[in-house]
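Structure, as structure tokens:
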Amino acid sequence: MLTPLKLEDAPAVQQRFPLWEIVQYLNNRVPWPYPEDGALHYIQDVALPAIALGTEWHWMIRLHSAPREIIGSITLMTHRGNNRGFWLHPDWQGNGYMKEACRVVNRQWFEVMGMPVMQVPKAAPNEASRRISINEGMRIV
131 MLTPLKLEDA PAVQQRFPLW EIVQYLNNRV PWPYPEDGAL HYIQDVALPA
181 IALGTEWHWM IRLHSAPREI IGSITLMTHR GNNRGFWLHP DWQGNGYMKE
231 ACRVVNRQWF EVMGMPVMQV PKAAPNEASR RISINEGMRI V
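Per the working numbering, the sequence shown starts with residue 131, numbered consecutively.
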């Protein structure tokens, strides 16, 4: 289940996100070690302002069986060369949750927003993310 990002999500994100197994695949804007106020800073000072500008759309990934629990996040962005990003806590990887979340936001990107192309950069060793993109019909460029 996807829910729009809210400032109130910061404590749950701070609890789930700061793992090297997640951060190692993200861009270098993500500090490591992750600061104790990293989620609050990111949501308050980066994500929510970008949402207000209409350049980014952020959702929290939650389980239908536990809707209060955040297990990951997925984002659409109008940044040149980088239109979608996501993370999923390792405890829930390999269950199809990210594939399902991507399907939903891809429909938003192409069908609702009318965007002609989606570019999704990958960290070279991130095979799971690469498989999702290839299964969606994306090409490696």
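All residues carry an ideal CB built from backbone N, CA and C; glycine is no exception.
Review point. For the beta strand (DSSP E) that GLU138 lies in, which residues bound it at each end?
Key: It is not in any beta strand (DSSP E) - GLU138 carries neither H nor E in the DSSP assignment.
Practice item. Closer than 6 angstroms by C-beta to GLN144: which residues in its own chain qualify, once you throw out the five before and the five after it? Chain order, please. Key: Excluding residues within five positions, the ones whose Cβ falls inside 6 angstroms are ALA169.
**Study point:** GLU266 and ASN236 closer than 9 angstroms at C-beta
**Key:** Their beta carbons are under 9 angstroms apart, which means GLU266 touches ASN236 by this criterion.
Exercise for review: Could you please give the first and the last residue of the uninterrupted alpha helix (DSSP H) stretch that includes TRP150?
Suggested key: Here the alpha helix (DSSP H) through TRP150 covers 150-153.
Point to revise | Residue(s) in a DSSP beta bridge with TRP217 | key: Looking at the DSSP assignment, TRP217 forms a beta bridge with SER203.
Point to revise | For TRP239, the nearest candidate out of GLU257, HIS188 and VAL176 (CA to CA) | key: For the residues GLU257, HIS188 and VAL176, the minimum Cα distance to TRP239 belongs to HIS188.
**Study point:** Cβ-based burial, TRP217 [other Cβ within 10 Å; buried from 16]
**Key:** Note on TRP217: 16 or more other CB atoms within 10 angstroms of its CB, so buried under the neighbour-count rule.
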